[in-house]
Every structure is written in structure tokens, then in C-alpha cells.
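K.L.:
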Amino acid sequence: MASIPSQAPAPSAASRLRSAARLACAGIALAALSACSSVSLDEPLEGTPWRLTQLDGQQVMFGADPKIDPTIQFDAGTQRVSGSGGCNNLSGGYRRSGNALRIGPLASTRKACIDADRSRLEGRFLAALEATAGYTVKGGQLTLLDGRSMPLAVLDLGLRTAPPP
Numbered sequence: 020m021a022s023i024p025s026q027a028p029a030p031s032a033a034s035r036l037r038s039a040a041r042l043a044c045a046g047i048a049l050a051a052l053s054a055c056s057s058v059s060l061d062e063p064l065e066g067t068p069w070r071l072t073q074l075d076g077q078q079v080m081f082g083a084d085p086k087i088d089p090t091i092q093f094d095a096g097t098q099r100v101s102g103s104g105g106c107n108n109l110s111g112g113y114r115r116s117g118n119a120l121r122i123g124p125l126a127s128t129r130k131a132c133i134d135a136d137r138s139r140l141e142g143r144f145l146a147a148l149e150a151t152a153g154y155t156v157k158g159g160q161l162t163l164l165d166g167r168s169m170p171l172a173v174l175d176l177g178l179r180t181a182p183p184p
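Per the numbering used here, residue 20 is the first one in the sequence shown, and the count goes up by one each step.
(1) Taking residue 167 as the reference, give the member of 176, 173 and 153 with the closest Cα.
(2) Just the C-alpha distance for residue 56 and residue 129, rounded to the nearest angstrom, thanks.
(3) Kindly indicate the opening and closing residues of the beta strand (DSSP E) around residue 74.
(4) Would you tell me roughly how many angstroms separate the C-alpha atoms of residue 102 and residue 169, rounded to the nearest one?
(5) How should residue 141 be labelled, buried or exposed, when 16 other C-beta atoms within 10 angstroms of its C-beta is the threshold for buried?
(6) Would you decide whether residue 46 is buried or exposed? Buried here means 16 or more other CB atoms lie within 10 Å of its CB.
(7) Compute the Euclidean distance between the alpha carbons of residue 78 and residue 91, then round it to the nearest angstrom.
(8) Is there contact between the segment 112–127 and the segment 75–89, where contact requires at least three CB pairs shorter than 8 Å?
(9) In angstroms with no decimal places, state the Cα-to-Cα distance between residue 86 and residue 75.
(10) For residue 43, which three-state DSSP category applies?
(11) Could you give the distance in angstroms between the alpha-carbon of residue 137 and the alpha-carbon of residue 108?
(12) DSSP three-state call for residue 119: helix, strand or coil?
(13) Taking 6 Å as the limit between beta carbons, can you name the residues of its chain near residue 105, skipping five residues before and five after?
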């Protein structure tokens with residue numbers, strides 16, 4: 020006598036509903052975890068200039084000439100940073116792993132800075148860069164963090180342009 024191969028019973032509607040609910044929960048959990056991440060693959064750290072907008076929790080005031088704004092740019096190929104402190108050019112190395120970031124040691128040119136406030140800002144900016152232990156990138160904004168994940172500096176993506184004459 021030939022036997023008829025048995026087939027697994029078709030899943031019930033309730034079983035299909037439970038499976039769909041599990042998948043939905045997993046998707047929501049994954050989305051929530053992604054939202055908690057402070058490093059966005061859509062907003063890379065490297066390859067674009069970042070302009071200082073806040074330092075030690077205070078807004079940075081800019082003069083008329085955007086060419087002297089404090090900026091920094093990361094180069095993934097060389098693992099180097101370059102930019103301006105506002106008076107002098109700066110450069111140095113950096114290391115990044117996940118949201119951990121170490122910058123420095125930094126070197127800078129030694130041009131005289133006529134504006135004493137700008138000179139102090141430059142010194143504080145360089146100190147913040149070298150104290151950086153981590154970072155977040157969100158909404159076109161780079162936040163440099165200290166070892167306790169407290170903000171040191173906030174930089175905006177891109178350079179400011181001079182207003183038309």
C-alpha cells in the first residue's frame with residue numbers, strides 16, 4: 020500500500036497574525052535602536068568642512084569675513100584634520116572608531132591675531148579639539164564630546180558665505 024506524504028497543516032490565521040506582530044515588533048525595536056545611534060552613515064564626518072557655531076555651550080559670533088571662521092575638515096584617506104582656528108591654520112591626526120574620536124596632537128601656524136577675542140576663541144577651540152573623546156552627527160551638526168559625553172563644541176556642516184555687497 021502506497022503511503023501519501025503528509026503535509027504540514029496550514030498555519031492558522033492567529034498564527035500568521037502572531038508572526039506578523041513579531042516581525043513588526045522587531046522592526047520597531049531596530050528602528051528605535053537606530054534612532055538612538057549618534058553616528059549617522061548618511062552624514063559622514065569626513066570630506067566636508069565643519070564650521071564652529073558653539074564652544075563651551077556659548078554661541079560663536081562671526082565677523083563679516085567668513086574666511087576667518089574657525090573650521091575643521093577630516094580626511095579619511097590620510098586620517099588627518101585641517102582647518103582654521105580663526106587666526107591660524109591648523110592640522111593634525113585623528114582616530115575614529117564608532118562614535119569614539121581622538122583629535123591631535125595639533126599643530127598651527129603662528130600668525131599674529133590682532134583681535135584678542137578671536138585669539139582667545141582660537142585657543143579654546145584648539146583645546147576643545149584636543150580634548151575630544153567622542154562625537155555625534157545629526158541634522159548637519161557635528162557635536163564634539165569630552166570623556167563624559169558632555170559637549171565641547173558644535174560645528175555646522177559647510178562654510179558660511181559672505182553677504183553680497
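Beta carbons: idealized from backbone N, C-alpha and C, even for Gly.
P.N.:
With the given structure in hand:
(1) 153
(2) Bear in mind that the predicted position of residue 56 carries a pLDDT of just 42, short of 50, making it too unreliable to give a figure here.
(3) 68–74
(4) 23 Å
(5) buried
(6) Because the pLDDT of residue 46 is 42, which lies under 50, any placement of that residue in the model is unreliable, and the question is left without a value.
(7) 17 Å
(8) no
(9) 22 Å
(10) Per-residue confidence for residue 43 stands at a pLDDT of 46, beneath the threshold of 50, marking its modelled position as unreliable; no derived number is given.
(11) 13 Å
(12) strand
(13) 87, 89, 137, 140 and 141
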